[in-house]
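So the structure is just underneath, and the comments pick up after that.
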Amino acid sequence: MVRVHDFNLFITAGAYVAETAKIRISTKPSAVFNEWYRNYSINEVQDIDLPIQLMGGGPYDLQLSDGRKLRVTESASFYTLYSYPNLRIRPTQAQSTYRLEKVSNTCQTTDLTNTPGNTSIITLTKPASHGISLTLPARAYCVGDSIPLSFQTTGTFGSDNEFRIQRIIDNNQVTDLRTIKGTSGRSVPIPIAEVKNFSVRIVSTNPVTQSEAFPLRIDKKPTLSLRTYERTLNDLLPGDSIPIDLSESMTYVTSLTRLVLTNGKQDWTYYPAASGNDYGGFFVNFYPPESGAYRIKSATNVCGTTSGSGVLNVDLKPYRIFFPTAYASQKLVFCTKGSYQLPYGIAGSMPGNVTLVLEVAAAKDSVFREITSSIGTNLAAFQIPDTYTSGSYLIRLRAGDIRSTALPFELGTLPTATLSADGPTQVDYSLPMKITFTGQGPWNVTWTDGTIREFPFNPGTISEHISKTTTFELKGVTNGCGYGSVSGKVTGTVKPRLTVSSSTNAICSGSSLLVRYYLNGEFSTSNKIRVGLYTARKGFIPLDSVTTTVSGTITIKIPAQLEGSDFYELRVMTTSPQLSESRQLYLSFPPSYRLIGSNTINPGQYSTLRLINQNAASNIQTTINYELSTGQKGVFYSDSKEQNLSVAPTQTTTYTITSISNGCGKGTVSGSATVMVNPPAERMINTQFVSTKSGYGYLCKGDTIFVSYEAKGSFSATNQMSVQLSDSLGQQFTSLPTLPGKRDQELAGILPTTLKKGSGYRIRVVASDPSSMSSASATFYTTAEKASVKFGVAQLPMQANGSVYKLPLEFTGDAPFSVSWGVDPHYASFFTNNLRDSLRIEALSPSLTYKIRQVTNVCGIGTVLDPSTLKVELITATEPTASHAIKAFPNPTTDQIRVEGLQPGSTMQLMTLIGQIIQQTEAKATQEDLSLRAVPPGIYLLHIQNATVALTFRIQKL
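Counting from 1 along the sequence shown, just add 709 to a position and that's the residue number in the working numbering.
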């Protein structure tokens, strides 16, 4: 069996290759229903897709016995014989029969009447009581025709029933074409207005049912355009073909049945329907007998005959010069003075008196010049003269006015290579170099050590790793044209560099530490490595040294007598050259703590003792184990200056620390705390919780605190409860102005505005009745001061070319601070722990005024001081124009500026670029001199303002 197959035919003659249009081999067509659907049952009325098996090679035209036609455009692939379209049906009868009548393809038409498998019988087990069957004549339908649609009904339809004739496009776009009232079928003409394939069906409203959807192919008269491809029409020989592509301007148009081409002298008739054209497209190899204009004389399909558009202007040549097709895709490279041979061929008959010449043109202008006329048979030998420079060119053969296709090529010359530095020659690791070439790339460079590297780009760049002073030179360079000359050299040196590491960065005082130092680059033979510790307070503390020029290790002994209040760095230094490298060293010391926290409590209460770290700034957290004189043991981390311990004595007890230690050994202790336990009394007051108005738990000057307490026993009607505050040691108590609290057993106390800073305050509630015992708060309280804030300047000059700006803020009180700021009505929040900080702005607009709306800290809302606003002014590098009478000179200056044209009373401000005012004075005359002797060199702004003018000068102090 011959399978469907598409292929292209190539004809070769020497270097000449001709390719035909695509050729398709098809066979006699056949069609059957899928064997599973030749007898098929369904339970209820529904749409069914009946699969049909087609073979022979498409496209196919398939006709059924009921008149419907199918156009199947898909063709079988190289690997299969079959195509599988579907026939959409909707059977409504107890038994419906569908029969394939005939099938056509480009080869012939096959009668399927007696073919096994041409029939599908659909059995409906539950037939509809009502049905609509549709009948359409089997013929072509064209734009402008009317479809003679007729339908029949079974069953009884209501008197108000409507039959709706519907058009379905793409299976989902449904449009009512016409509505008819009635109870039975009839014939209805449906006009065709446009070229668009669709299906038609009929739907009833009472009862609701529908017919099958009947597919319709709508055609129109052909509207063709004529075009060609693959070969220019002025490069043809007699007997050459033109692959013509006829394309329909509209889709969904049936195949042409007749096509006539003409040149006005002769007609050529084709029958495309027999050639497998699809949807109006048609391909043919046309052989023009002579030069001239060819056009479509007429085109015919089932809808009629029309003329086409487009003209093919053909100019036949007696012969053609061509290069092998492989050369068109190759990258050709020639060199000046190099000898080359270029094969060629001649198709047709070239007269003997015509001379072949080889021509070259620059690609940028395509102006061809002859380089040789000594052309051998089928082989052109040539040299490119050295008058041509390297670049992109075209080469072709010409005989009279007939020319070959021009081949692009690159012209190269012998190369040169110059080595130079591509940056600093004293480097850390890699020495960057570049090589500047001439001639055509790529270039292969040979270095003095024999290494060869290829460089595709000019200039070429390379980085070499060096560890000492090294000189690089080139030995040679080659490209496609041969060996060239080299020049230049680069000497690189390595920056002396010191790198340090240690066996650990956390160590106890008195321990040994292994230090590794790495030396890169070149050091003097007298170079000495010095290792020690560094603190900001004491500076460098030398511990050991060694004379060396190479990397190594050294072990140092950390002194045991170091003070824990300092932060230490491990510092390694070299002497020749002088380099220094530091590493943070987290030193830990044996703990040293002092115990405080004497207090008075009632029976059953607890109290807090406080351990104060005497190594206040020990820069590593350690686990500390302690034991009190009562035998109570515990563990805590040295992460703060103070540590609280809870105790609950049943009788008056004096506490001391009997032992304390960490990973560095036993520590030292001092201090004691006595917790006095009151004897049981008739009346007792236990202080429980203390809250502050601010809500942060700090005692703020002038703030109100709320103290909850528990009163036990009977108190007199004249008894007065009051709040007392201790000193910062928790010892001496003083009564506070006391008010009733918000709830039972709660008092409000007003803190004094003269409250001193401290963290050991206690609070208690006392009664005026005699024999009343009170316990103080178990915890300590810390004082804090309310915040205030202001801008550091009232004006900020804005630089037109600036990118980041800082709005300076100044605070008082205790950090952290929260500031609400912005440009009304848009505000943002800013948080800081610093008394001086800045708001960083990446983009400012001129004439904006920034405002501080509010500041808060642990004491709540603070005070916004003046200046609370900051105005931004745009200051450019352009000085005031000559139209202003005010002048400032000389500029630049060394010691003073003279200002002329002033109005008495004008304000003159000399400020930094961030708006900090250095000098401010008021003009007393029309001319003033400003001294800059005390101002360091730099750029400053001189702002002059009066009632009528405001100017800003940029002043440079040399």
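We treat Cβ as the ideally placed atom computed from N, Cα and C, and that holds for glycine.
The structure displayed is predicted, hence computed values, not measured ones.
In this structure, the straight-line span from the alpha carbon of ARG1239 to that of ASN1229 is close to 17 Å. Only residues of its own chain outside the window of five on either side were considered, and among them PRO1027, TYR1028 have a CB closer than 8 Å to the CB of SER1058, listed in chain order. In the assembly as shown, ASP928 is a buried residue. Its beta-carbon has 16 or more other beta-carbons within 10 Å. Within its own chain, the residues whose Cβ lies closer than 8 Å to the Cβ of LYS1421, once the five positions on either side in sequence are excluded, are ARG1392, MET1393, ILE1394, ASN1395, listed in chain order.
In terms of Cα proximity to TYR1407, the closest of ASP885, LYS1495, ALA1632 is LYS1495.
Distance check between ILE1030 and each of ALA1115, GLU999, CYS1012 places ALA1115 closest, using alpha-carbon atoms only. Between THR1170 and LYS1143, the C-beta gap is smaller than 8 Å, which places the two residues in contact. Per DSSP, the continuous beta strand (DSSP E) segment holding SER1640 begins and ends at 1636–1640. Of THR1661, THR1657, LYS1633, MET1620, the smallest CA-CA separation from VAL1644 is found for MET1620. Note on HIS1652: 16 or more other CB atoms within 10 angstroms of its CB, so buried under the neighbour-count rule.
Comparing alpha carbon positions, the residue from GLN1360, ILE889, SER1483 closest to MET1430 is SER1483. Counting along the chain, ARG1239 sits inside the beta strand (DSSP E) bounded by residues 1237–1244. Contact check for ILE874 and ARG887: beta-carbon distance about 5 Å, within the 8 Å limit, so the pair qualifies. Comparing C-alpha distances from SER838 to each of VAL917, TYR769, SER908 shows the shortest one belongs to VAL917. According to the DSSP assignment, TYR1559 belongs to the beta strand (DSSP E) that extends over 1558–1566.
Between CYS1217 and ASN1371, the alpha-carbon positions lie close to 10 Å from each other. In this model, LEU1106 and ARG1078 are separated by some 11 Å (Cα to Cα). As DSSP reads the structure, TRP745 sits in no beta bridge. Taking the Cβ atoms as the reference, VAL1209 lies roughly 4 Å from GLU1290, within the contact range of under 8 Å. Across the set ASP1533, TYR1536, VAL1564, the C-alpha of VAL1564 shows the shortest separation from the C-alpha of ASN1542. Pairing SER1615 with ALA1632 gives a Cβ-Cβ distance under 8 Å. The residues SER1437, THR1492, in chain order, have a CB closer than 8 Å to that of LYS1465 in the same chain once the five nearest residues on each side in sequence are set aside. Residue pairing by DSSP places LEU1611 in no beta bridge whatsoever. Around the beta carbon of SER1113, a 10 Å sphere encloses 16 or more other beta carbons of the protein chains shown; the residue is thus reported as buried. Nearest in C-alpha terms to GLY1411, of all of ILE1459, ASN1387, VAL1432, ASP1575, is ILE1459. In the three-state DSSP reduction, THR1014 falls in the strand class (E or B).
Below 8 Å, too few C-beta pairs join the segment 1087–1096 and the segment 1010–1026 to call them touching: fewer than three.
VAL1502 sits buried, since 16 or more C-beta atoms from the chains shown fall within 10 Å of its C-beta.
Shown here for MET1385: same chain residues with a beta carbon closer than 8 Å to its own, the five before and five after excluded, namely SER1307, ASN1308, THR1309, ILE1310, THR1361 in chain order. Contact annotation, GLN919 with VAL909: C-beta distance approximately 11 Å; criterion of less than 8 Å not satisfied. Assignment of beta strand (DSSP E) within the segment 891–937, counting only whole runs of 3 or more residues, yields 896–900, 907–914, 917–919, 923–925, 933–937 in chain order. A Cβ-Cβ distance of about 7 Å is found for the pair LEU1296 and LEU1271, placing them in contact under the 8 Å criterion. Listed in chain order, the non-local C-beta contacts of PHE1442 below 7 Å within the same chain comprise GLN1433, LEU1434, SER1435, ARG1473, local neighbours out to five positions each way being set aside. The bridge partners DSSP lists for GLN1050 are ALA1090. Fewer than three Cβ pairs drawn from the segment 1159–1178 and the segment 1221–1228 lie within less than 8 Å of each other, which leaves the two stretches out of contact.
DSSP places ARG1303 in the uninterrupted beta strand (DSSP E) bounded by 1301–1305.
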